[in-house]
Amino acid sequence: RVEPMIFDRLIPRRSAAVPDDRVLFDSGYAILDLALEQIVDTVGRHPAETGGALLGSYAQSLVTRFVFDPDATVTGASYVPSATLTDVVQELERAEGLQFKGVVHSHPGALSNPSGPDHHSFGVGLATNRELGRYLAPIVTFATDGPAANRLSLGSVHLNFHVAVLDAFGDVVVHRCRPRVLWFARD
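Each residue of the sequence shown is one higher than the one before, counting from 17 in my numbering.
Structure follows, in C-alpha cells:
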C-alpha cells in the first residue's frame with residue numbers, strides 16, 4: 017500500500033546518510049524498459065516534485081509497471097502521494113497480483129539525493145508495507161551535477177536510483193543502487 021505521509025505512526029528513529037557514490041548496493045531489483053518509459057512519459061513531462069508508485073511481481077524483485085499520481089499533494093519542494101494512488105495500487109495488487117515496490121518522485125535541478133523528508137517517507141513506506149525488505153526509491157532529476165554510478169539517463173530525464181532498508185535497530189538506511197534494466201520493447 018502507498019500511504020500519505022502520516023507523522024503519528026511508529027517509524028524508525030533516525031536514518032543514515034546515503035553511502036559513498038563509488039559503492040553501489042546490490043538491491044537485487046530489475047526494471048522493465050516499459051516501466052522506465054512510463055516514468056519518462058509522466059514524471060519526466062511535469063514540474064519537479066511529482067511521482068507515483070512502482071509495482072511488480074510478488075515472486076521476483078522485478079518492477080513491471082509505474083502508476084503516475086496526478087492527485088498528489090505537491091509543492092515546489094515536496095511530493096506527498098495521494099489517497100487515490102493508494103486505492104489504485106491496492107486494486108492493481110488485488111486484480112493483477114502485483115506488489116507495491118516503492119515510489120518514484122522528482123526533485124528540482126540536479127538534487128539527486130533523498131532529502132530528510134524523503135528518508136522519513138521511506139520509513140513510513142517500509143513500516144506500512146512490512147512484507148517489503150527493500151523500498152525502491154528512484155529520484156528523477158532534469159539536470160546532473162556530474163556522473164553518478166546510480167544514474168540512468170534517458171534523454172533529459174535522469175533516474176537516480178536509491179533503495180531503503182531497515183537495519184537491525186529498525187532505522188532507515190538509504191543506499192545508492194542500480195537495478196538491471198530489461199530492454200524488451202527496443203529493437
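Glycine included, each C-beta is placed from N, C-alpha and C at the ideal position.
Open item on the list: Quick check on PHE116: does DSSP put it in helix, strand or coil?
Closed with: For this step, residue 116 is matched to residue 100 along the sequence shown. PHE116: strand per DSSP, three-state reduction.
- [ ] Using the Cα positions of LEU40 and GLU112, report the straight-line distance between them to the nearest angstrom.
- [x] What you label residue 40 is simply residue 24 of the sequence shown in a count that begins at 1. What you label residue 112 is simply residue 96 of the sequence shown in a count that begins at 1. Going from the Cα of LEU40 to the Cα of GLU112 covers about 32 Å.
Task: Outcome for SER128 when other beta-carbon atoms lying within 10 angstroms are tallied against a minimum of 16 - done: Here the question's residue 128 lines up with position 112 in the sequence shown. By the neighbour-count rule (16 or more Cβ atoms within 10 Å), SER128 is buried.
- [ ] Kindly identify the DSSP beta-bridge partner or partners of ARG196.
- [x] Counted from its first residue, the sequence shown places residue 196 at position 180. Its beta-bridge partners are ALA46.
Open item on the list: Rounding to the nearest angstrom, what Cα-Cα distance links GLN76 and LEU198 in this structure?
Closed with: Counted from its first residue, the sequence shown places residue 76 at position 60. Counted from its first residue, the sequence shown places residue 198 at position 182. Approximately 13 Å between the Cα atoms of the pair.
Open item on the list: I need the DSSP call for LEU52, collapsed to helix, strand or coil.
Closed with: In the sequence shown, counting from the first residue as 1, residue 52 sits at position 36. Three-state DSSP puts LEU52 in a helix.
TODO: Identify which residue in ALA153, LEU70 and LEU170 has its Cα closest to the Cα of THR160.
DONE: One-based indexing of the sequence shown puts residue 160 at position 144. Ranking the options by Cα distance to THR160, first place goes to LEU170.
Open item on the list: Between GLY186, GLY162, PHE200 and ASN176, which has its C-alpha nearest VAL193's C-alpha?
Closed with: What you label residue 193 is simply residue 177 of the sequence shown in a count that begins at 1. Checking the sequence, you will find Cys at residue 193 rather than Val. Ranking the options by Cα distance to CYS193, first place goes to ASN176.
Task: Residues that DSSP places opposite THR91 in a beta bridge - done: Here residue 91 is taken as the residue at index 75 of the sequence shown, counted from 1. Per the DSSP secondary-structure output, THR91 pairs in a beta bridge with SER94.
TODO: Would you kindly report the start and end of the unbroken alpha helix (DSSP H) that includes SER137?
DONE: In the sequence shown, residue 137 corresponds to position 121, counting from 1. Taken as a continuous stretch (DSSP letters only), the alpha helix (DSSP H) holding SER137 covers 132–144.
TODO: For the beta strand (DSSP E) containing PHE84, list its first residue and its last residue.
DONE: The sequence position of residue 84 within the sequence shown is 68, counting from 1. That run of the beta strand (DSSP E) goes 78–84.
Task: 8 Å CB neighbourhood of HIS265 in its chain, flanking five on each side removed - done: With the chain covering only 17 through 203, there is no way to say anything about residue 265.
Task: When PHE200, SER137, PHE158 and GLY149 are compared against ALA184, the one with the closest alpha-carbon - done: Here residue 184 corresponds to residue number 168 of the sequence shown, with the count starting at 1. Looking only at PHE200, SER137, PHE158 and GLY149, the smallest Cα-Cα distance to ALA184 is reached by GLY149.
- [ ] Determine the closest residue to ARG146 out of ALA126, ALA99 and PHE116, with distance taken between C-alpha atoms.
- [x] Here residue 146 refers to the residue found at position 130 when the sequence shown is read from its first residue. Nearest Cα to ARG146 within the set ALA126, ALA99 and PHE116: PHE116.
Open item on the list: Let me check you understand the geometry: is the CB of HIS174 closer than 7 Å to at least one non-hydrogen atom of the ligand FAD?
Closed with: With respect to the ligand FAD, the structure shown offers nothing to examine, as it has no ligands at all.
TODO: Decide if the region 151–159 is in contact with the region 84–95; the criterion is three or more beta carbon pairs, one per stretch, under 8 Å apart.
DONE: no
- [ ] Quick one: using the 10 Å Cβ neighbour count with 16 as the cut-off for buried, is ALA64 buried or exposed?
- [x] Walking along the sequence shown from the start, residue 64 turns up at place 48. Counting Cβ neighbours within 10 Å, ALA64 comes out buried, since at least 16 surround it.
Task: C-beta atoms of VAL120 and PHE158 nearer than 8 Å - done: Taking the first residue of the sequence shown as 1, we reach residue 120 at position 104. Taking the first residue of the sequence shown as 1, we reach residue 158 at position 142. No.
Open item on the list: Considering only their Cβ atoms, is the gap separating GLY72 from THR80 smaller than 8 Å?
Closed with: Stepping through the sequence shown from its first residue, residue 80 is reached at position 64. Stepping through the sequence shown from its first residue, residue 72 is reached at position 56. For THR80 and GLY72, yes; Cβs fall inside 8 Å.
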